[in-house]
Amino acid sequence: MDTEATNDPVAAALLNLAAVVRMMYADGEVAPAEAELFAELLDAADLSDDVVATAREWSTSPPGEETVAELTSKVDGEARGEALALAWVTAHADGQVRAEEIVEHDRLAALLGMAEEAQGTRDRVEARFFGAALTVLGGLSAMARLDGGPAAEDWYEDAVGGMGLPSALAERARRWIDEPRPLHEVLSEASTLAPDFQEALLGNLYAAASAEGPPDGPRMALFDRFKGACGVADARVAQLIAE
0 MDTEATNDPV
10 AAALLNLAAV
20 VRMMYADGEV
30 APAEAELFAE
40 LLDAADLSDD
50 VVATAREWST
60 SPPGEETVAE
70 LTSKVDGEAR
80 GEALALAWVT
90 AHADGQVRAE
100 EIVEHDRLAA
110 LLGMAEEAQG
120 TRDRVEARFF
130 GAALTVLGGL
140 SAMARLDGGP
150 AAEDWYEDAV
160 GGMGLPSALA
170 ERARRWIDEP
180 RPLHEVLSEA
190 STLAPDFQEA
200 LLGNLYAAAS
210 AEGPPDGPRM
220 ALFDRFKGAC
230 GVADARVAQL
240 IAE
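The sequence shown begins at 0 in numbering that gives the first Met the number 0 and counts up by one.
Put into structure tokens, the structure is as follows:
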């Protein structure tokens with residue numbers, strides 16, 4: 000395959016849609032979140048009415064390997080990588096990755112000429128897709144280490160389990176009790192979170208800090224560092240604490 004192929008924007012948009020819709024049907028059941036992702040991509044694509052009509056047909060009859068191969072031949076490596084990444088985002092859209100979806104992702108990677116990059120793509124997508132959850136856990140692990148003891152480890156384990164992370168990422172987060180992340184890195188990540196995730200982080204942190212009574216000085220000092228990094232208004236922080 001010519002890795003220096005000139006990128007055809009229409010083919011690139013269609014390749015993304017093809018990869019997403021094939022993943023939608025990989026496990027034999029289309030989840031609402033998967034269908035919504037396909038619809039959003041289709042609406043955002045700058046395609047003619049005829050091309051849109053063809054793509055809409057895929058929502059009930061996914062394109063075959065020949066179609067994927069033809070589209071692949073018209074795009075560059077960056078576009079192929081985007082399609083492979085979107086396929087893995089789709090696999091996670093319903094909150095559970097099944098064995099059939101891993102098989103389909105490997106098949107798509109081969110069709111895209113990226114067989115050796117399938118696992119790396121999955122790792123990168125998951126790091127981005129679950130990045131906010133990992134930042135929240137980074138803050139909670141800091142609070143758990145400050146508390147110390149089995150009780151703190153138990154509530155932190157519950158927090159990890161409640162995030163719905165892939166097993167590899169969940170295991171990484173669990174290690175942060177014994178192998179702490181640098182606090183400055185977590186604070187830096189917190190500063191870039193979307194506002195709703197910042198509020199979730201602060202709400203969870205305060206709940207952890209006050210689990211056994213009013214937070215003491217060290218706990219509030221840690222909370223205040225995250226509050227400063229997030230930049231949430233004091234009035235809103237007071238609401239989060241009250242909730």
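Note that beta-carbon positions come from the ideal geometry of N, C-alpha and C, so glycine has one too.
Secondary structure at Asp233: helix, using DSSP grouped into helix, strand and coil. Between the beta-carbon of Gly138 and that of Leu204 there is about 5 Å, and that keeps the pair under the 8 Å contact cut. Here Thr5 is exposed, its C-beta having fewer than 16 other C-beta atoms within 10 Å.
Runs of the alpha helix (DSSP H) lying entirely within the segment 84-152 and spanning at least 4 residues, in chain order: 98-110, 117-128 and 130-146.
Here Thr89 has Val19, Met22, Met23, Glu33 and Leu36 as same chain residues with Cβ atoms under 7 Å from its own Cβ, once five neighbours each way along the sequence are excluded.
In the three-state scheme derived from DSSP, where H, G and I count as helix and E and B as strand, Lys226 is classed as helix.
The residue from Glu115, Ala86, Gln95 and His91 with its alpha-carbon nearest to that of Glu103 is Ala86. When C-beta atoms of the segment 111-126 are compared with those of the segment 43-50, fewer than three pairs fall below 8 Å, so the two segments do not count as touching. Between Ala82 and Ala17, the C-beta gap is smaller than 9 Å, which places the two residues in contact. Straight across, the Cα-Cα distance linking Ser166 with Glu152 is about 18 Å.
Comparing C-alpha distances from Glu77 to each of Pro8, Gln197, Ala30 and Thr134 shows the shortest one belongs to Pro8.
Contact between Val135 and Phe196 holds: CB atoms are separated by about 7 Å, below the 8 Å threshold. Arg127 and Leu13 have their alpha carbons spaced roughly 23 Å apart.
Excluding residues up to 5 positions away in sequence, Ala208 lie with their Cβ nearer than 6 Å to the Cβ of Pro214 in the same chain. The beta carbon of Leu111 is closer than 7 Å to those of Thr71, Arg79, Ala82 and Leu83 in its chain, skipping five residues each way along the sequence. Residue environment for Pro61: buried (at least 16 other C-beta atoms within 10 angstroms of its C-beta). The criterion of a C-beta distance shorter than 9 Å is not satisfied by Ser187 and Gly230. For Val67, the CB contacts under 8 Å within the same chain, skipping 5 residues up- and downstream, are Leu14, Ala17, Ala18, Arg21, Leu107, Leu110 and Leu111 in chain order.
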